[in-house]
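Engineer: Under my numbering, the first residue of the sequence shown is numbered 63, with each subsequent residue one higher.
Yeah, the Cβ is synthetic: ideal placement off N, Cα and C, and Gly gets one too.
Every value quoted in this text rests on a predicted model; they were computed, and no experiment measured them.
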Amino acid sequence: MATPIKRIEKDFLLKVLFDEQIPIMVFYNKNEYTVVVEKPPKQELLLRANKAIPGLKIGQRLSLVFDYRGQVITFSAKVLSVKENVITTEAPEFLYKNLDRSYSRVPTPSDLVVHLTFHGDRYNLNFPKIQEYEQDDINVLMDEFDPKDIKQLVNQLASWAQENSSGYKLVMFKENKPNTLEEKIIAETGKALFIPSTQTDLPKIDPYPKKKIITEDIFKRYLESSGVDKVYVEDALARFIKSKRDGGIYSDAWVPILFQEYVIGYIHLWIEAENKPPFDFSILDTLYQFTKVLAFSLKEHGYFERGKVKKESFQGKVVDISASGMLFAYPHSSLSSALLVDSELDVDLITPKRTIKTSAKIVRRYNDASMGYFGCRFTLIEPEDLRFLFEFIYGRPFTDQDASFIAGKV
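1) Check whether the region 241-257 and the region 281-291 touch, using three or more Cβ-Cβ pairs below 8 Å as the test.
2) Tell me where the beta strand (DSSP E) around Ser227 begins and ends.
3) Does the count of Cβ pairs from the region 99-119 and the region 143-160 closer than 8 Å reach three?
4) Which residues bound the beta strand (DSSP E) around Ala111?
5) Return yes when the Cβ of Leu356 is within less than 9 Å of the Cβ of Ile319, no when it is not.
6) So, using beta-carbon positions, are Val216 and Tyr328 closer together than 9 Å?
7) Suppose you measure from the CA of Val317 to the CA of Asp408; what does that come to, to the nearest Å?
8) What does the alpha-carbon distance come out to for the pair Ile84 and Ile135?
9) For His475, which residues from the same chain have a beta carbon less than 7 Å from its beta carbon, with the 5 sequence-adjacent residues on both sides left out?
10) Using a threshold of 9 Å, state whether the C-beta atoms of Ala431 and Tyr350 are closer than that.
11) Pick helix, strand or coil for Asp81, following the three-state DSSP scheme.
12) Going by C-alpha to C-alpha distance, which of Ala315, Gly437, Glu278 and Ser384 sits closest to Asp297?
13) Output needed for Gly392: all residues of its chain with C-beta closer than 6 Å, excluding positions within five of it in sequence on either side, in chain order.
14) Taking the runs of the beta strand (DSSP E) that are 3 residues or longer, which of them lie wholly in the region 332-418?
15) Let me confirm a value: Pro459 is counted as buried when at least 16 other C-beta atoms fall within 10 Å, else exposed. Which label applies?
16) Inspect the beta-carbon positions of Phe89 and Ser125 and report whether they are closer than 9 Å.
17) Rounded to whole angstroms, what is the Cα-Cα separation between Lys415 and Asn91?
18) How long is the line joining the alpha carbons of Arg439 and Val403, rounded to whole angstroms?
19) In the DSSP assignment, find the alpha helix (DSSP H) that holds Glu244 and state where it starts and stops.
20) Could you spell out the range, first to last residue, of the alpha helix (DSSP H) harbouring Asp447?
21) So for Leu118, helix, strand or coil by DSSP?
22) Can you tell me whether DSSP reads Glu94 as helix, strand or coil?
23) In this structure, does DSSP put Leu285 in helix, strand or coil?
24) Determine whether the beta carbon atoms of Phe156 and Leu79 lie at a separation below 9 Å.
25) Name, in chain order, the residues that DSSP records as bridge partners for Gly327.
26) Between which two residues does the alpha helix (DSSP H) harbouring Asp183 extend?
27) Taking just the CA atoms, how far does Lys354 sit from Ala469?
28) Name the residue from Ile275, Ile86 and Thr348 whose alpha carbon lies nearest to the alpha carbon of Leu267.
29) Roughly how many angstroms separate the alpha carbons of Ser138 and Val295, rounded to a whole number?
30) Rounded to whole angstroms, what's the CA-CA distance from Asp81 to Gly437? Just pull it up for me.
31) Is Trp332 near Asp347, with beta carbons less than 9 Å apart?
32) Where does Ile135 fall in DSSP's three states?
33) Enumerate in chain order the residues of its own chain whose CB-to-CB distance from Ser121 is below 8 Å, with the five nearest sequence positions on each side excluded.
34) Can you list, in chain order, the residues of its chain whose CB lies under 7 Å from that of Gly289, leaving out five sequence neighbours each side?
35) Select from Val99, Lys145 and Gln105 the residue whose C-alpha is nearest the C-alpha of Lys119.
36) With respect to the beta strand (DSSP E) encompassing Asp129, which residues constitute its N-terminal and C-terminal limits?
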């Protein structure tokens, strides 16, 4: 996923662009241009192009890319003035590195139509819903748990829990809605409530690359959003931990069972006395593996069948596109709320001469007052379709250098 560059690093790179006269590639109206920074950047960038850019107007945004020590960096900038080969733009608010896409996006050609369809099955379920979820390759989890027999799967959990805890509960939200504080916070966040020891505080840091646990900061924000005055949040958290301790709980773990964007239930494990070692992160790892296999098993046995949504294509407004991805917008709705990071889509790119069928994964999303915006990376596209799309978008032949560039996934 593209990473925003920190402000200090951004300011340094903008100065380097001027000091070293690093060429910046600009894509506009299916053409490529090269610009360099003419003056040390402050509130504005003064760019000199290698040739005039026909049709460029004040208020338009340019997509710009440059290479700094082997790292491809991109940004966009709003045009403030144009005089022959000299362009003044606003200084960019963000620069991005670690690109998921291999080419810069350009404005969408007017004769391109894009149809989108959810890849795989989608569901509309009466369970608590979270804003983001991650998809996993379930096949890598099959060695430890067998999803074919749900009863046997639950027995496996009971046997394992007996060895590692004082007790456990498996709760589904189908009949029982979130009621306790613990249930409500895991249903809202989709993360595990993990208290290794009630003699200390909640974890302050989440060690997982894709965040999985409710840290102390997340818990405090939840208390505030639930009506606890900010002044009393520390006390409320302390009372929560103390109530566990007073109830004889020594170590506590509540792990949500996730299915797509839904929290369908949870597993609760606890240790009541100090005759067992406290939970560590390996307990969470095993529980998360189990919940994923359980959700998969429930799907395979038809547990969610009544909520399956009929597949229908839809048209998003494609803001810009590249040979390796696109950004599209869709009005706020139940459909757009289901378009989450890691959601996969089947895509038809319809041009006057050819229809390209591909797949795409949403890698970023953000909202404004009326629309959701979704950045996608194409995941499956035939080589001949890629070549055609490249030439259709950029208006020039696809070269060996371009092929090497995309193969490197810069």
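Structural biologist: Quick answer:
1) Note that the region 241-257 touches the region 281-291; at least 3 beta-carbon pairs, one per stretch, sit closer than 8 Å.
2) Here residue 227 refers to the residue found at position 165 of the sequence shown. For Ser227, there is no enclosing beta strand (DSSP E), as DSSP marks it with neither H nor E.
3) Result yes; three or more Cβ-Cβ pairs closer than 8 Å.
4) For the purposes of this step, residue 111 is taken as residue 49 along the sequence shown, with counting starting at 1. First-last of the beta strand (DSSP E) with Ala111: Glu106 to Ala111.
5) Locating residue 319 in the sequence shown gives position 257, counting from the first residue. Locating residue 356 in the sequence shown gives position 294, counting from the first residue. Taking C-beta atoms as the reference points, Ile319 and Leu356 count as a pair closer than 9 Å.
6) Taking the first residue of the sequence shown as 1, we reach residue 216 at position 154. Taking the first residue of the sequence shown as 1, we reach residue 328 at position 266. Going by C-beta atoms, Val216 is not nearer than 9 Å to Tyr328.
7) Sequence index remark: in the sequence shown, residue 317 carries index 255 (1-based). Sequence index remark: in the sequence shown, residue 408 carries index 346 (1-based). If you draw a straight line from the Cα of Val317 to the Cα of Asp408, it comes to about 32 Å.
8) Position 22 of the sequence shown, counted from the start, is the residue given in the question as residue 84. Position 73 of the sequence shown, counted from the start, is the residue given in the question as residue 135. Answer to the nearest angstrom: the Cα atoms are 12 Å apart.
9) The structure shown does not extend to residue 475, since the chain spans only 63 to 472, so no value can be given for it.
10) In the sequence shown, residue 431 corresponds to position 369, counting from 1. In the sequence shown, residue 350 corresponds to position 288, counting from 1. Taking 9 Å as the Cβ cut-off, Ala431 and Tyr350 do not qualify as a contacting pair.
11) In the sequence shown, residue 81 corresponds to position 19, counting from 1. Helix.
12) Position 235 of the sequence shown holds residue 297. Of Ala315, Gly437, Glu278 and Ser384, the residue nearest in Cα terms is Glu278.
13) Residue mapping note: residue 392 aligns to position 330 of the sequence shown, counting from 1. One point to set straight first is that residue 392 is Tyr, not Gly, in the sequence displayed. The residues Gly378, Ser398 and Gly434, in chain order, have a CB closer than 6 Å to that of Tyr392 in the same chain once the five nearest residues on each side in sequence are set aside.
14) For the region 332-418, the full-length beta strand (DSSP E) segments reaching 3 residues or more read 379-383, 387-393 and 406-412 along the chain.
15) The residue labelled residue 459 in the question sits at position 397 within the sequence shown. The residue is exposed, with fewer than 16 neighbouring Cβ atoms inside 10 Å.
16) The sequence position of residue 89 within the sequence shown is 27, counting from 1. The sequence position of residue 125 within the sequence shown is 63, counting from 1. If you check the CB distance, Phe89 and Ser125 come in under 9 Å.
17) The residue labelled residue 415 in the question sits at position 353 within the sequence shown. The residue labelled residue 91 in the question sits at position 29 within the sequence shown. Straight-line Cα distance between these residues: approximately 19 Å.
18) Here residue 439 is taken as the residue at index 377 of the sequence shown, counted from 1. Here residue 403 is taken as the residue at index 341 of the sequence shown, counted from 1. Between Arg439 and Val403, the C-alpha separation is close to 11 Å.
19) Taking the sequence shown and counting its residues from 1, one reaches residue 244 at position 182. Taken as a continuous stretch (DSSP letters only), the alpha helix (DSSP H) holding Glu244 covers Leu243 to Thr251.
20) As a first step, residue 447 is located in the sequence shown; it is residue number 385 there, counting from the start. The continuous alpha helix (DSSP H) containing Asp447 extends over residues Pro445 to Tyr456.
21) Counting from one through the sequence shown, the residue named residue 118 turns up at place 56. Three-state DSSP puts Leu118 in coil, outside helix and strand.
22) Reading the sequence shown from its first residue, position 32 is the one you call residue 94. Strand.
23) Taking the sequence shown and counting its residues from 1, the one referred to as residue 285 is at position 223. In this structure, Leu285 counts as helix in the three-state DSSP scheme.
24) As a position in the sequence shown, residue 156 is number 94, starting the count at 1. As a position in the sequence shown, residue 79 is number 17, starting the count at 1. Against a cut-off of 9 Å, the Cβ pair of Leu79 and Phe156 comes out as no contact.
25) One-based indexing of the sequence shown puts residue 327 at position 265. Note: Gly327 sits in a beta bridge opposite Met234 and Ile319.
26) The sequence position of residue 183 within the sequence shown is 121, counting from 1. Counting along the chain, Asp183 sits inside no alpha helix (DSSP H), nor does DSSP assign it H or E at all.
27) Here residue 469 corresponds to residue number 407 of the sequence shown, with the count starting at 1. Here residue 354 corresponds to residue number 292 of the sequence shown, with the count starting at 1. A caution first: Ala469 carries a pLDDT of 47, below 50, which makes its placement in the model unreliable, though a value can still be read off. Approximately 32 Å between the Cα atoms of the pair.
28) Residue mapping note: residue 267 aligns to position 205 of the sequence shown, counting from 1. According to the sequence provided, residue 267 is Ile. The question's Leu does not apply to it. Looking at the Cα atoms, Ile275 is the closest of the given residues.
29) For the purposes of this step, residue 138 is taken as residue 76 along the sequence shown, with counting starting at 1. For the purposes of this step, residue 295 is taken as residue 233 along the sequence shown, with counting starting at 1. Answer to the nearest angstrom: the Cα atoms are 41 Å apart.
30) Numbered from its first residue, the sequence shown carries residue 81 at position 19. Numbered from its first residue, the sequence shown carries residue 437 at position 375. One Cα belongs to Asp81, the other to Gly437, and the distance between them is close to 33 Å.
31) One-based indexing of the sequence shown puts residue 332 at position 270. One-based indexing of the sequence shown puts residue 347 at position 285. Contact flag unset, no.
32) As a first step, residue 135 must be located in the sequence shown, where it is residue number 73. Assigned with DSSP and collapsed to three states, Ile135 falls in strand.
33) By one-based count along the sequence shown, residue 121 stands at place 59. With the sequence shown as reference, residue 121 is identified as Gly, and Ser is not the correct amino acid for it. If you ignore the 5 residues before and after Gly121, its C-beta comes within less than 8 Å of the C-beta of Lys140 and Val141, all in its own chain and listed in chain order.
34) Translated into the one-based positions of the sequence shown, residue 289 becomes position 227. Within the same chain, and ignoring the five residues on either side of Gly289 in sequence, no residue has its Cβ closer than 7 Å to its Cβ.
35) The sequence position of residue 119 within the sequence shown is 57, counting from 1. The shortest C-alpha to C-alpha distance from Lys119 to any of Val99, Lys145 and Gln105 is the one to Lys145.
36) Position 67 of the sequence shown, counted from the first residue, corresponds to residue 129. That run of the beta strand (DSSP E) goes Arg123 to Tyr130.
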